[in-house]
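K.L.:
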Amino acid sequence: MAKEKSNEVEGKEQKKEQQEKQQVKKQREARLKKRLKKESKKIDKIVSFPFRSLFLIGSVSGILTFLYALFAQYDTFLMSVLKGFIVFTAVYLGIGILFMLFFVAMAKARQREAEELKRQDEARHRENERSEYESKYERELLLKQAEEKREQEVRKFKEQLNRQGMEQTGSNLDN
Numbered sequence: 001m002a003k004e005k006s007n008e009v010e011g012k013e014q015k016k017e018q019q020e021k022q023q024v025k026k027q028r029e030a031r032l033k034k035r036l037k038k039e040s041k042k043i044d045k046i047v048s049f050p051f052r053s054l055f056l057i058g059s060v061s062g063i064l065t066f067l068y069a070l071f072a073q074y075d076t077f078l079m080s081v082l083k084g085f086i087v088f089t090a091v092y093l094g095i096g097i098l099f100m101l102f103f104v105a106m107a108k109a110r111q112r113e114a115e116e117l118k119r120q121d122e123a124r125h126r127e128n129e130r131s132e133y134e135s136k137y138e139r140e141l142l143l144k145q146a147e148e149k150r151e152q153e154v155r156k157f158k159e160q161l162n163r164q165g166m167e168q169t170g171s172n173l174d175n
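With the working numbering applied, the sequence shown covers 1 to 175.
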């Protein structure tokens with residue numbers, strides 16, 4: 001009986017933990033959606049700003065031209081509307097072309113910067129590879145020199161042992 005109660009308690013605790021984990025996960029997802037929504041609104045504002053401002057500038061210039069033509073030059077209503085429309089389209093297209101040239105120039109500049117960074121990264125990568133190769137070559141060279149030195153010392157030691165062995169055998173023969 002005690003085991004059954006403890007199993008039931010553990011099962012309830014596990015369910016509670018799972019529910020808490022699900023709630024935390026849902027809260028995280030809700031925060032993420034909210035943040036993404038804010039970011040998308042921000043991006044939309046950034047994208048629509050040039051077009052909205054261009055339309056406003058063109059509209060204001062067209063309206064001012066219409067009012068000037070109507071009241072200052074005493075043109076007819078249709079002639080004033082036509083002049084206002086012509087100014088609006090000229091300003092809209094002219095400033096639009098200037099905006100496009102500006103954005104194209106900025107895009108090319110950023111592209112050049114990105115290419116320059118890429119070249120610098122590639123050069124840095126080649127330099128790192130070259131230095132790794134040089135250090136590997138230097139280690140191998142030092143290792144070979146150390147082996148040669150060790151072999152020379154072993155030969156000298158063997159020669160010394162051979163001399164000492166010959167001297168001892170020669171002294172043993174003399175005795």
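Where is the CB? At the ideal position from N, CA and C, for every residue including glycine.
Do residue 58 and residue 69 have their C-beta atoms closer together than 8 Å?
P.N.:
Residue numbering aside, residue 58 sits at position 58 when the sequence shown is read from its first letter. Residue numbering aside, residue 69 sits at position 69 when the sequence shown is read from its first letter. Residue 69 sits away from residue 58, with the two beta carbons spaced by 8 Å or more.
K.L.:
Nearest by alpha-carbon distance to residue 87: which of 44, 55, 143 and 141 is it?
P.N.:
Residue mapping note: residue 87 aligns to position 87 of the sequence shown, counting from 1. The shortest C-alpha to C-alpha distance from residue 87 to any of 44, 55, 143 and 141 is the one to 55.
K.L.:
What does the Cβ neighbour count give for residue 131, buried or exposed, with the cut at 16 atoms within 10 Å?
P.N.:
To locate residue 131, count along the sequence shown from 1; it is residue 131. The residue in question, residue 131, is exposed, as its Cβ has fewer than 16 Cβ neighbours within 10 Å.
K.L.:
Indicate the three-state DSSP secondary structure (helix, strand or coil) for residue 76 in the structure shown.
P.N.:
Translated into positions along the sequence shown, residue 76 becomes position 76. Residue 76 falls in the coil class under three-state DSSP.
K.L.:
Between the segment 93 to 103 and the segment 41 to 56, do three or more beta carbon pairs fall short of 8 Å?
P.N.:
A contact between stretches requires three or more CB pairs, one per stretch, nearer than 8 Å, and the segment 93 to 103 meets this requirement with the segment 41 to 56.
K.L.:
What whole-angstrom Cβ distance do residue 91 and residue 61 have, given they're in contact under 8 Å?
P.N.:
Locating residue 91 in the sequence shown gives position 91, counting from the first residue. Locating residue 61 in the sequence shown gives position 61, counting from the first residue. Between residue 61 and residue 91 the Cβ distance is about 5 Å, and since that is below 8 Å, they are a contact.
K.L.:
Contact check, residue 103 vs residue 80 under 8 Å by CB: the rounded distance?
P.N.:
Mapped onto the sequence shown, residue 103 falls at position 103. Mapped onto the sequence shown, residue 80 falls at position 80. About 34 Å separates the two Cβ atoms, so there is no contact after all.
K.L.:
Measuring only the C-alpha atoms, how far is residue 125 from residue 106?
P.N.:
Taking the sequence shown and counting its residues from 1, one reaches residue 125 at position 125. Taking the sequence shown and counting its residues from 1, one reaches residue 106 at position 106. Distance between the alpha carbons of residue 125 and residue 106: 28 Å.
K.L.:
Would you kindly work out how many angstroms separate the C-alpha atoms of residue 89 and residue 71, rounded to a whole number?
P.N.:
In the sequence shown, the residue the question calls residue 89 occupies position 89. In the sequence shown, the residue the question calls residue 71 occupies position 71. Spanning the two alpha carbons is a distance of roughly 21 Å.
K.L.:
Nearest-angstrom Cα distance between residue 113 and residue 122?
P.N.:
As a working note, residue 113 is residue 113 in the sequence shown. As a working note, residue 122 is residue 122 in the sequence shown. In a straight line, the C-alpha of residue 113 is about 14 Å away from that of residue 122.
K.L.:
Compute the Euclidean distance between the alpha carbons of residue 158 and residue 152, then round it to the nearest angstrom.
P.N.:
Here residue 158 refers to the residue found at position 158 when the sequence shown is read from its first residue. Here residue 152 refers to the residue found at position 152 when the sequence shown is read from its first residue. Taking the straight line joining both Cα atoms gives about 10 Å.
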